[in-house]
Amino acid sequence: MRFEWGMWHDGSGGDREAAQRQTAELRELERVRSTGAGGASSSRAAGGSLSLLEAQLAGAVLRAEEAQRHLEERERDLRLTTGHAMDLQGERDQLQGEVQTNRSERDQLRIRAEAAEAQVAEATNELAALPVQRSPGD
Numbered sequence: 001m002r003f004e005w006g007m008w009h010d011g012s013g014g015d016r017e018a019a020q021r022q023t024a025e026l027r028e029l030e031r032v033r034s035t036g037a038g039g040a041s042s043s044r045a046a047g048g049s050l051s052l053l054e055a056q057l058a059g060a061v062l063r064a065e066e067a068q069r070h071l072e073e074r075e076r077d078l079r080l081t082t083g084h085a086m087d088l089q090g091e092r093d094q095l096q097g098e099v100q101t102n103r104s105e106r107d108q109l110r111i112r113a114e115a116a117e118a119q120v121a122e123a124t125n126e127l128a129a130l131p132v133q134r135s136p137g138d
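Going by the UniProt record's numbering, the residue at position 36 of the sequence shown is 36; the numbering climbs one at a time, nothing skipped.
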């Protein structure tokens, strides 16, 4: 959102341009005011014109000040949002590291379990291959 000529507009990049346009308008109005106040200020028409310019200048100043406040708020919001996004990115990276560690541990345990199963099967086969000794009384 941006403030331009008394209205809020959506957009992210136009805030600074709107403030620059309003500043240029303020300068132009001030220039017209200062140059127009020369010889014609004694007449009534010039006085009315000058009052109109002063009112326009005051309105433009108010709009520029509001735009500046909005820009400052937007900048603060963006800084907070950026900080929050960086915090979330750090948490995500940490969790991804933990997931990878857990997967590695799981894979190691699976390998150890398979090795233990193979040893049990080998021991069972060796036991089955042993001759059975009978006691003399059988």
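Each residue gets a CB set at the ideal place from its N, CA and C atoms; glycine is no exception. As the structure is a prediction and not an experimental result, all values here were calculated from the model.
To the nearest angstrom, report how far apart residue i and residue j are at their CA atoms.
i, j, result
"Ala19", "Gln89", "33 angstroms"
"Glu72", "Glu28", "25 angstroms"
"residue 139", "Ile111", "For the chain, the structure presents residues 1 to 138; residue 139 sits outside this window and is missing."
"Ser51", "Glu75", "36 angstroms"
"Ala40", "Glu30", "Only weak support exists for where Ala40 lies, its pLDDT of 46 falling under 50; the value from the coordinates is given anyway. Approximately 16 angstroms between the Cα atoms of the pair."
"Ala123", "Pro131", "14 angstroms"
"Ser104", "Ser135", "51 angstroms"
"Ala113", "Leu127", "21 angstroms"
"residue 157", "Asp77", "Outside the shown range of the chain (1 to 138) lies residue 157, about which nothing can therefore be said."
"Ala115", "Arg79", "54 angstroms"
"Ala85", "Arg106", "31 angstroms"
"Val99", "Arg92", "10 angstroms"
"Asn102", "Gln94", "12 angstroms"
"Asn125", "Gln133", "17 angstroms"
"Thr81", "Ser49", "47 angstroms"
"Ser43", "Gly83", "In this predicted model, Ser43 has a pLDDT of only 49, less than 50, meaning its place in the structure is not dependable enough to derive any value."
"Asp87", "Gln96", "14 angstroms"
Let me make sure I understand the geometry here. Which of the options has the alpha-carbon closest to that of residue i?
i, options, result
"Ala55", "Val32, Pro136, Ala118", "Val32"
"Glu17", "Ala67, Ser49, Gly48", "Ala67"
"Ala60", "Gly97, Leu95, Thr82, Ala24", "Ala24"
"Glu65", "Val99, Gln133, Asp15, Ala129", "Asp15"
Does the distance from the CB of residue i to the CB of residue j come in under 8 angstroms?
i, j, result
"Gln22", "Arg63", "yes"
"Leu26", "Leu57", "yes"
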